[in-house]
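In this text, residue positions in the sequence shown follow UniProt numbering: the first is 1, and each later residue adds one. Following: one structure in structure tokens, then a few remarks.
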Amino acid sequence: MSSDTLPPLKGDGNGVYRVHIVGNSGTGKFTLGDELSEILGVPCIHLDTLFWKSGWVQSNSEDFRQRVLEALGQSEKGWIVDGNYTKFLSEELSTATDVIWLDTPFLLYFPRIFIRTMGRLFGHGPPCAPGCDETVRSVFFDSDSILWWAITHHYPIKRRYTTLMITDGIEVGGNMRRIGGWGRELRKWKEDVWKMVNKIE
């Protein structure tokens, strides 16, 4: 079955949408999360904000899970979550009605994340989490640099979600949708979500 013949979001059948947005760093998860939050009228939970403590200190797994569970429980109408973190949250996010994989081309999103990171480095734009400011060292000389992460995780993440699509893709009855391309496919999908919510043919 083609994804074009299916609704843009499955939901739970009763108007509740729990959407998990995944993809590599810089592919647009944060932005899409906020946009869907506005369209659907449900809160968006940015996992980076919950995971990182001030000074780039990682939360321990139990504290992180607890904060995520509390955030997920704030709205009976559903939620939007952006971020991968499946190593920590596979059970907590298993109730997602929809998984949206942003499979953005590397040549599109890497310049975008580079510009965003440079902006943060020079104090333009908020950090990914409170108290987690970028420094020259963290950007260029750290093994955990967001730029290095984006480069080294492009293909591993693509392989992981390509494999998941075989069993969990909406074309085979699952709840996972891949959105790729240079922007047109994503714009069309967001428009379809808006039309669905507003019941416009």
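Think of the CB as a built atom: it goes at the ideal place given N, C-alpha and C, for glycine as much as any other residue.
Separation of the CB atoms of K29 and D98 is rounded to 14 Å, and the pair is thereby denied contact status at 8 Å. Beta-bridge annotation (DSSP): Y155 is not paired with any residue. When the alpha-carbon of I45 is set against those of Q58, R65, G26 and W148, the nearest one is in R65.
For Y109, the uninterrupted alpha helix (DSSP H) run begins and ends at F106 to L121, by DSSP. Cβ atoms of L102 and T167 stay farther apart than 8 Å, at about 19 Å. Setting aside the 5 residues that flank it on each side, G33 is surrounded in the same chain by I21, C44, I80 and D82, each with a C-beta closer than 6 Å to its C-beta; the list follows chain order. Selection V136, F114, D63 and G41 evaluated against L47 yields D63 as nearest (Cα-Cα). D82: member of the beta strand (DSSP E) spanning G78 to D82, first to last residue. About 6 Å separates the beta carbon of V139 from that of S145, a gap short enough to meet the 8 Å contact definition.
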